[in-house]
Amino acid sequence: MGRGELSSAALPRSFFDRPSHEVAPDLLGRVLVHGSVAVRLTEVEAYGGPGEDPAAHTYRGRTPRNAVMFGPPGHLYVYFTYGMHFCANLVCLSEGFGSAVLLRAGEVVAGLDEARSRRSKAKDRDLARGPARLTVALGLLREHNGLDAVREVSPAGWPRQSATMLEGRPVLPEVIRSGPRTGVSTAKETPWRFWIDGDPSVSPYRAHVPRRRSVAATSVGEVPSS
DNA sequence: AAGGCGATTGGCT
DNA sequence: GCCAATCGCCTTG
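Note that my numbering gives residue 48 to position 43 of the first sequence, counting from 1, and the numbers run on in steps of one.
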């Protein structure tokens, strides 16, 4: 699939200057391009914003890790988690609020060969089905934290180190579903996960599971239960 | 200074 | 369905 089929314009920065739970459903059907790969978003989650969101990385204030989330809208917030995965967000609202939309899943619509080579064991529909899978398919890494996703589309193509959020084809409100966010341990009722109903690239929902204590922590000095 | 645990994934039962 | 992998961040002592 060639780049020529991506005829859509870039989303303006003003698109992101709203609370993340308003931006999130509007991102469904839009396209994120990075290098030669493009992904059409089918599932997103909103975090942070003007009010209190205990599930957001920004809940306890600004730190070196979450600094980008407090910065200008339209930039990528890429974080490292579970010691092995990267997840990508788009920063929302003007500076200082700490608000972003997690990109949870999508469909690869350009650069299929490149995405397949990055995730060689995955079926096509699973290439970007999950937040860490999506970042691998797009080639997003720690170094892309803070990258500006608002830029003009160049007829010559996209340089490898750039990202662009395209208008794509926003979906009809009737096909948008919403529900609790995946895998969060707090604010379990906040319905800030949004997805396209019936789309095969939407990831399976998982509730938060408290982790069992490590073997070392339980076997040393543990009093046997009676 | 130390330990708990995470906006997850893939492999195995 | 269950669980290990793997490490940086943040809380607590």
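Glycine included, C-beta positions come from ideal geometry on N, C-alpha and C.
**OP:** Note down the Cα distance separating Gly7 from Pro136, rounded to an integer number of angstroms.
**Re:** Within the first sequence, the letter at position 2 stands for residue 7. Within the first sequence, the letter at position 131 stands for residue 136. A caution first: Gly7 carries a pLDDT of 49, below 50, which makes its placement in the model unreliable, though a value can still be read off. If I take the Cα positions, the gap works out to 24 Å.
Original post:
Is the stretch 36-54 in contact with the stretch 106-120, if contact means three or more CB pairs nearer than 8 Å?
Top reply: In this structure the stretch 36-54 lies against the stretch 106-120, because at least three pairs of beta carbons, one per stretch, are closer than 8 Å.
Original post:
Looking at the structure shown, is Asp118 part of a helix, part of a strand, or coil, going by DSSP?
Top reply: Here residue 118 corresponds to residue number 113 of the first sequence, with the count starting at 1. Correct three-state label for Asp118: helix.
Subject >> Where Met89 falls, given that 16 or more other Cβ within 10 Å makes a residue buried >> reply: By one-based count along the first sequence, residue 89 stands at place 84. Met89 sits exposed, since fewer than 16 C-beta atoms from the chains shown fall within 10 Å of its C-beta.
**OP:** Tell me the start and end of each unbroken beta strand (DSSP E) in the stretch 186-213 that is at least 3 residues and wholly inside, in chain order.
**Re:** Fully enclosed beta strand (DSSP E) runs of 3 or longer: 198-201.
**OP:** Taking Thr140 as part of the alpha helix (DSSP H), name the residues at either end of that continuous run.
**Re:** In the first sequence, the residue the question calls residue 140 occupies position 135. Residues Pro136 to Leu143.
Original post:
So, using beta-carbon positions, are Gly79 and Asp153 closer together than 8 Å?
Top reply: Translated into positions along the first sequence, residue 79 becomes position 74. Translated into positions along the first sequence, residue 153 becomes position 148. Yes.
**OP:** Kindly provide the ranges of any alpha helix (DSSP H) runs that are 4 or more residues long and lie completely inside the stretch 13-72, ordered along the chain.
**Re:** Complete alpha helix (DSSP H) runs here, min 4: 25-32.
Original post:
Quick one: any contact between the stretch 116-129 and the stretch 51-65, if contact means 3 or more CB pairs under 8 Å?
Top reply: Per the Cβ contact rule, the stretch 116-129 is not in contact with the stretch 51-65 (fewer than 3 Cβ pairs under 8 Å).
Original post:
For Glu50, which residues from the same chain have a beta carbon less than 8 Å from its beta carbon, with the 5 sequence-adjacent residues on both sides left out?
Top reply: For the purposes of this step, residue 50 is taken as residue 45 along the first sequence, with counting starting at 1. If we look at Glu50 and ignore the five residues flanking it on each side, its Cβ neighbours are Ala29, Val106, Leu107, Arg109, Arg186, Thr187, Trp197, Arg198 and Phe199.
**OP:** Can you check DSSP and say which residues form a bridge with Phe91?
**Re:** Walking along the first sequence from the start, residue 91 turns up at place 86. Note: Phe91 sits in a beta bridge opposite Phe85.
Original post:
Can you tell me the Cα-Cα spacing of Ser167 and His39, whole angstroms?
Top reply: Here residue 167 refers to the residue found at position 162 of the first sequence. Here residue 39 refers to the residue found at position 34 of the first sequence. Roughly 6 Å between the two C-alpha positions.
**OP:** Thinking Val96 and Val73 are a contact (beta carbons under 8 Å), I'd like their distance in whole angstroms, please.
**Re:** Locating residue 96 in the first sequence gives position 91, counting from the first residue. Locating residue 73 in the first sequence gives position 68, counting from the first residue. Indeed they touch by this definition, with Cβ atoms about 6 Å apart.
Subject >> Candidates Leu33, Phe91 and Asn71, of which the one nearest Val176 by Cα >> reply: Start at 1 with the first residue of the first sequence, and residue 176 comes out as number 171. The candidate whose alpha carbon is nearest that of Val176 is Leu33.
**OP:** Please classify Val189: is it buried, with 16 or more other beta-carbons within 10 angstroms of its beta-carbon, or exposed?
**Re:** One-based indexing of the first sequence puts residue 189 at position 184. Within 10 angstroms of the beta-carbon of Val189 lie 16 or more other beta-carbons, which makes it buried.
**OP:** Measure the alpha-carbon distance for Glu100 versus Gly76 and round it to whole angstroms.
**Re:** Walking along the first sequence from the start, residue 100 turns up at place 95. Walking along the first sequence from the start, residue 76 turns up at place 71. So the two alpha carbons sit approximately 5 Å from each other.
Original post:
What separation, rounded to the nearest whole angstrom, lies between the Cα atoms of Glu157 and Ala14?
Top reply: For the purposes of this step, residue 157 is taken as residue 152 along the first sequence, with counting starting at 1. For the purposes of this step, residue 14 is taken as residue 9 along the first sequence, with counting starting at 1. The alpha-carbon separation between Glu157 and Ala14 amounts to approximately 8 Å.
Original post:
Is it right to say Thr86 is buried, meaning 16 or more other beta carbons lie within 10 angstroms of its own, or is it exposed?
Top reply: Within the first sequence, the letter at position 81 stands for residue 86. With fewer than 16 other Cβ atoms from the protein chains shown falling within 10 Å of its own Cβ, Thr86 counts as exposed.
**OP:** For Val180, name the three-state secondary structure that DSSP assigns.
**Re:** Locating residue 180 in the first sequence gives position 175, counting from the first residue. Residue state, collapsed to three classes: helix.
Original post:
Could you give the C-beta distance for Thr140 and Ala93, rounded to a whole number, given that I count them as a contact under 8 Å?
Top reply: In the first sequence, residue 140 corresponds to position 135, counting from 1. In the first sequence, residue 93 corresponds to position 88, counting from 1. A Cβ-Cβ distance of about 5 Å is found for the pair Thr140 and Ala93, placing them in contact under the 8 Å criterion.
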